[in-house]
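Residue numbers (my numbering), protein chains in the order written: chain R, 39 to 532; chain B, 600 to 899. Even for Gly, the Cβ is constructed at its ideal location relative to N, Cα and C. All values reported here derive from a predicted model rather than from experimental measurement. Single-structure report; data block below.
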């Protein structure tokens, strides 16, 4: 193979790589692609939203043939699915690439806009204004520039073929606001990823009154629920649910405090939330040798017993004894489905039942009995004491290092939107030409089919005319003028 | 307190009547009036020919002004209604669908009248005011017990966040209603070239301006909702149906803004997106009837 053919092949492969990169780049920069991606995201969000509603069921009830699809719909966790993650990734990359791609153009428009324009542009503009003066073009352009600057416009001029071309703009830096807005969207996603990767979240941290539970997640913390209280108003409606807790490290209290719904307790970067509450039972379990297997409180609620599915219940595996213990409390609402209540417990009573666990099977069949508060009972080799009823609290515990990112992103998002919408970049082009009587200037805004921008320009033209003592002639092409509604040239009175 | 609640309801009833009368006037103003002309011609043969001609003409400005006046009356009554209820409950009425919709009626009226003033367009009222009257009818159909002022449940006991979060939602929906009306009127004006309707460009711009208020407000709804969720539930996003419905709405308006600013979509295509986006607003607004989840307490 000759040196020339190798070089040619290298050039060809490089050209191919360039084409591929260019196409991928263009795909991510494409507004049409971005709109389609947002539309797909919106569609997936809609599918996920309806999944949390009764709408799919209504569809299945109306059109039974759709039942299998509806079942799959309910089963599909959209927000944890691959297509959803994919579209979010695609959008994030598109935002980043598009932002990088647009940056030079936006900066060019801000820092080095083209000043020159054409008579065709001014003639065909949907709205424009003419000013005549009996002074040379340079002097008149200077007067126009001063008037525009007094309206906080930046004015640039350029001489071309004996004419003075003029460019004026206001709020040019607002074009940069698109960057913080789009950066904010990526930061919100990044905040979610940071929170998931380096934070933790306990949705249901059950803890009975007087009990201590280890928090885990490498925090070295133990949580003790000192008290749980419900506060009701005179009319019986709930005012507050409050947990008083003590946080301990190495057996030593490090912080005590209360939390209610909407008022979490913070320890460093860990936040404790009041989430729920319920009934608990304090019990003591000893084996035949007198060894204590359990001496704590058990939350009643997370478990559902077949003996009465309506009742608060709990289950605990006593591995050293080879049995599982179920505890069922009295029915809280006996009027509801009384046929399900096979136990008929009275207040102050609990039903204990042990069943064999594993291969050893110290008992052949489940054994159960009703026990009153303060009493003990023998079930198999175990002595169970129903010490007393208690309350338990359900906390949510979270550490989310993504929160600062989220807060910063929120500020950038709202700030970016506000600047983009309320301080739009206003631009005016014009040419000042020589006439037999002196000079004439024709100005027009860059405001194609932008009613507000045209209205702003027409007001600006009137203000400039008033300032210079010249009555401007407004020219309006289709569509109608913002101020006058006319389709002709008009000379407003000053 | 009961007296104040009753007064609040009476004011709402008065507002409903004012808005309904205003809506009728706005519709009459937008449609114009039919003028019938009868011409009688005598022929050489001694017979006469009678011809009838009907033409549509702009309505008198008086009826438009009267419509605006009635709308302001409606707003004034609704302000009084909200004020009485605020005093009775010791908080802004934002906690259930009765209160939310009452405040929506007020803000939709105010937002519409401000846009009418800024743009000098009365014909828009022919769509916005019937929408407001529809919302009043919905409020009348709600269970009577919702008219009572109830204490807030613990989950809603965050007055600053609830006030701003919910108020922003109402403001967003109100401005989106105006944008929807502008889109509908745009399509009508563009299709039938009715001389006394505002120029399509003006309507297109009006719809866009309404969205430039509503979209940041909707963004604030999502952000403040997230902040509140983090404070109350420990996570700023739960994929709760109401949250995601609001996100869906936000995304559709995002599509509208992108197609408009970056692809230069104006006119009919933009108007159609606004119609779809408003359908998403309605879906989010009434979603509580079909959603479960964490916002279920705000249902009815």
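**OP:** Could you spell out where the alpha helix (DSSP H) holding residue 219(R) opens and where it closes?
**Re:** Residue range 216-236 is occupied by the alpha helix (DSSP H) that includes residue 219(R).
**OP:** Go through its chain and collect everything with a Cβ distance to residue 844(B)'s Cβ below 8 Å, but skip five positions before and after it.
**Re:** Apart from sequence neighbours up to five positions away, the residues of its chain that approach residue 844(B) with a beta-carbon distance below 8 Å are 879, 882, 883, 886, 890, ordered along the chain.
Original post:
When you check each C-beta in the segment 825-840 of chain B against every C-beta of chain R, which residues fall closer than 9 Å?
Top reply: Listed in sequence order: 825, 826, 827, 829, 830, 831, 832, 833, 834, 835, 836, 838, 839, 840.
Subject >> Close-in-space but distant-in-sequence residues of the same chain around residue 609(B) (CB under 7 Å, 5 per side omitted) >> reply: When the five nearest sequence neighbours on each side are left out, no beta carbon in the same chain lies closer than 7 Å to the beta carbon of residue 609(B).
Original post:
Closer than 9 Å, CB to CB, is residue 692(B) near chain R or not?
Top reply: So, not an interface residue.
Subject >> Residues, ordered as in the chain, of the segment 285-307 of chain R that lie near chain B by beta-carbon distance below 9 Å >> reply: Listed in sequence order: 298, 299, 300, 301, 302.
Subject >> residue 869(B) versus residue 828(B): straight-line alpha-carbon distance, rounded >> reply: Taking the straight line from one Cα to the other gives about 34 Å.
**OP:** Determine, using beta-carbon pairs with one atom in the segment 464-482 of chain R and one in the segment 200-210 of chain R, whether at least three such pairs fall under 8 Å.
**Re:** Segments in contact, yes.
Subject >> 6 Å CB neighbourhood of residue 248(R) in its chain, flanking five on each side removed >> reply: So the list is empty, once near-sequence residues are dropped.
Original post:
Can the beta-carbon of residue 356(R) be found closer than 9 Å to that of residue 401(R)?
Top reply: No. Outside cutoff.
**OP:** Please check if any C-beta of chain R sits within less than 9 Å of the C-beta of residue 889(B).
**Re:** True, the Cβ-Cβ gap to chain R drops below 9 Å.
Original post:
Can you find a C-beta in chain C that's less than 9 Å from the C-beta of residue 132(R)?
Top reply: Looking at the structure shown, chain C is missing, and the protein chains on hand are R and B.
**OP:** Enumerate, from N- to C-terminal direction, the unbroken alpha helix (DSSP H) stretches of 4 or more residues contained entirely within the segment 56-129 of chain R.
**Re:** Within the segment 56-129 of chain R, the complete alpha helix (DSSP H) runs of at least 4 residues are 69-89, 93-100, 105-113.
**OP:** Would you please state the rounded distance, in angstroms, between the beta carbons of residue 159(R) and residue 482(R)? I believe it to be under 8 Å.
**Re:** Contact holds; Cβ gap of about 7 Å.
Subject >> Residues within the segment 122-147 of chain R neighbouring chain B, beta-carbon criterion of under 8 Å >> reply: Listed by position, the residues of the segment 122-147 of chain R near chain B (Cβ gap below 8 Å) amount to none.
Original post:
For the beta strand (DSSP E) that contains residue 410(R), what are its first and last residues?
Top reply: Taken as a continuous stretch (DSSP letters only), the beta strand (DSSP E) holding residue 410(R) covers 405-410.
Original post:
In the structure shown, what three-state DSSP assignment does residue 715(B) receive?
Top reply: DSSP, read as helix, strand or coil, puts residue 715(B) in helix.
Original post:
Is any beta-carbon of chain R found at less than 9 Å from that of residue 886(B)?
Top reply: True, the Cβ-Cβ gap to chain R drops below 9 Å.
Original post:
Quick one: which chain R residues come within Cβ less than 9 Å of residue 756(B)?
Top reply: Those within 9 Å of residue 756(B) in chain R are 277, 278, 298, 299, 300, 301.
**OP:** Mark residue 451(R) as exposed unless 16 or more other C-beta atoms lie within 10 angstroms of its C-beta, in which case mark it buried.
**Re:** The residue in question, residue 451(R), is buried, as its Cβ has 16 or more Cβ neighbours within 10 Å.
**OP:** Below 8 Å on the Cβ atoms is my guess for residue 560(B) versus residue 724(B); work out the distance and round it to an integer in Å.
**Re:** This structure cannot speak to residue 560(B), because chain B is shown only from 600 to 899.
Original post:
Would you say residue 104(R) reaches chain B, if we count a Cβ-Cβ gap shorter than 9 Å as a contact?
Top reply: No, no contact with chain B.
**OP:** Closer than 8 Å by beta-carbon distance: list the chain B residues that pair up with residue 76(R), in chain order.
**Re:** Annotation: Cβ neighbours of residue 76(R) in chain B (cutoff 8 Å, chain order): 850, 853, 854, 857.
Subject >> Exposure label - residue 775(B); buried when at least 16 CB within 10 Å >> reply: It is buried - the Cβ of residue 775(B) has at least 16 other Cβ atoms within 10 Å.
Subject >> Where the alpha helix (DSSP H) through residue 817(B) begins and ends >> reply: Note, residue 817(B): alpha helix (DSSP H), 799-832.
Original post:
In terms of DSSP beta bridges, what is residue 652(B) paired with?
Top reply: Its beta-bridge partners are 636(B).
Subject >> the segment 299-315 of chain R contacting the segment 404-414 of chain R, beta-carbon criterion three pairs below 8 Å >> reply: Taking one beta carbon from each stretch, the segment 299-315 of chain R and the segment 404-414 of chain R have fewer than 3 pairs nearer than 8 Å; the two do not touch.
Original post:
For residue 856(B), which of helix, strand or coil comes out of DSSP?
Top reply: Residue state, collapsed to three classes: helix.
Subject >> Distance CB(residue 798(B))-CB(residue 788(B)) smaller than 9 Å >> reply: Using a Cβ distance threshold of 9 Å, residue 798(B) and residue 788(B) count as a contacting pair.
**OP:** Mind listing, in chain order, the continuous alpha helix (DSSP H) runs of no fewer than 4 residues lying wholly within the segment 390-461 of chain R?
**Re:** Whole alpha helix (DSSP H) segments, 4+ residues: 441-460.
**OP:** Using only alpha-carbon positions, find the residue among 777(B), 740(B), 762(B), 765(B) that is nearest to residue 905(B).
**Re:** Past the edges of chain B, shown from 600 to 899, lies residue 905(B), and the structure says nothing about it.
Subject >> Under the three-state DSSP convention, the category residue 527(R) falls into >> reply: Residue confidence for residue 527(R) is low, a pLDDT of 49 falling below 50, so the modelled location carries little weight and cannot support an answer.
**OP:** Return the chain-ordered list of same chain residues with a C-beta closer than 6 Å to the C-beta of residue 510(R), the five sequence neighbours on each side being excluded.
**Re:** Closer than 6 Å at the Cβ level, and outside the excluded window around residue 510(R), lie 167, 169, 499, 503.
Original post:
Hey, out of 680(B), 755(B), 604(B), 705(B), whose CA is closest to residue 769(B)'s CA?
Top reply: Comparing Cα-Cα distances from residue 769(B) to each of 680(B), 755(B), 604(B), 705(B), the minimum goes to 705(B).
**OP:** Please say whether residue 164(R) and residue 438(R) have beta carbons closer to each other than 9 Å?
**Re:** It is not a contact, given that the beta carbons lie outside the stated cut-off.
Original post:
Does DSSP put residue 349(R) in a helix, a strand or coil?
Top reply: Coil, per DSSP.
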